[in-house]
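Asker: Below you'll find the structure I mean.
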Amino acid sequence: MSQIGTKTILLTGMCAFGIGAWWLSQLSVDAHYWRIILPGSLFVGIGVASVIVAAAISFTSAAAPQHQGLASGLWNTAPQVGTSPGLALLVPLANAFTQKSLANQEHTLSALVAGYQAAFIASLGFVAIGLLSIVLFIRKPSEMQGIEKSYPQGPV
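Residues are numbered in the numbering used here as their position in the sequence shown, beginning at 1, plus a constant of 971.
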């Protein structure tokens, strides 16, 4: 990771997640597992794993040595808590699209797929927010030269 850089891995992971979400948005009632579901799921899995590991390293390494345990605990909680608002937005969106499709007399499976497609497309907004956050807030080591790490002294 030190050779490639945390920022590069975070950006690559978010892009992989975005590709996977877009790929899964191509879902249809007749979707072929090997062409749609498996590749999309693999991209999402690789993207999420890359982002979680790289972000954990970035988050904990920024803390003072005596606070790295606390930082690690906070980081391990953050993705769990962060998932809730995303689901709170995507599930009602998927439900609304499903209900709209059912109201238009579409077949039940087609209506469900329409809801999933809407959720996968909307999740691309989270990808955009993540990419923007990485670009704006994560610094490469070369950008931090001349910046001294100073840790607070005394009890916190």
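Note that beta-carbon positions come from the ideal geometry of N, C-alpha and C, so glycine has one too.
#1: By how many angstroms is the C-alpha of residue 1068 removed from the C-alpha of residue 1116?
#2: Spatial neighbours of residue 1128 within its chain, please: CB distance less than 8 Å, with the 5 preceding and 5 following residues excluded, ordered by chain position.
#3: Classify residue 1038 as helix, strand or coil using the three-state DSSP reduction.
#4: Starting from residue 1094, follow the alpha helix (DSSP H) in both directions and report where the run begins and ends.
#5: Hey, could you find the ends of the alpha helix (DSSP H) residue 1024 is sitting in?
#6: Let me know the secondary structure DSSP gives residue 976 once reduced to three states.
#7: So, helix, strand or coil for residue 1116, using DSSP?
#8: Between the stretch 976 to 994 and the stretch 1007 to 1022, are three or more C-beta pairs nearer than 8 Å?
#9: What does the alpha-carbon distance come out to for the pair residue 1108 and residue 1090?
#10: Please check the pair residue 1014 and residue 994, which I expect to be a contact at CB under 8 Å, by giving their CB distance rounded to whole angstroms.
#11: Hey, residue 1011 and residue 991: beta-carbon distance below 9 Å or not?
Answerer: Answer, in terms of the structure:
#1: In this predicted model, residue 1116 has a pLDDT of only 49, less than 50, meaning its place in the structure is not dependable; the value taken from the coordinates is given anyway. Answer to the nearest angstrom: the Cα atoms are 50 Å apart.
#2: Residue 1128 lies beyond the range of the chain shown here (972 to 1127); nothing can be said about it.
#3: Three-state DSSP puts residue 1038 in a helix.
#4: According to the DSSP assignment, residue 1094 belongs to the alpha helix (DSSP H) that extends over 1079 to 1108.
#5: For residue 1024, the enclosing alpha helix (DSSP H) stretches over residues 1009 to 1032.
#6: Coil at residue 976, not helix or strand.
#7: Note that residue 1116 scores 49 on pLDDT, short of 50, meaning its location in the model is unreliable and no value can be drawn from it.
#8: When C-beta atoms of the stretch 976 to 994 are compared with those of the stretch 1007 to 1022, three or more pairs fall below 8 Å, so the two segments count as touching.
#9: Rounded to whole angstroms, residue 1108 and residue 1090 show a C-alpha spacing of 27 Å.
#10: Yes, residue 1014 and residue 994 are in contact; Cβ-Cβ is about 6 Å, under 8 Å.
#11: The answer is yes: Cβ separation under 9 Å.
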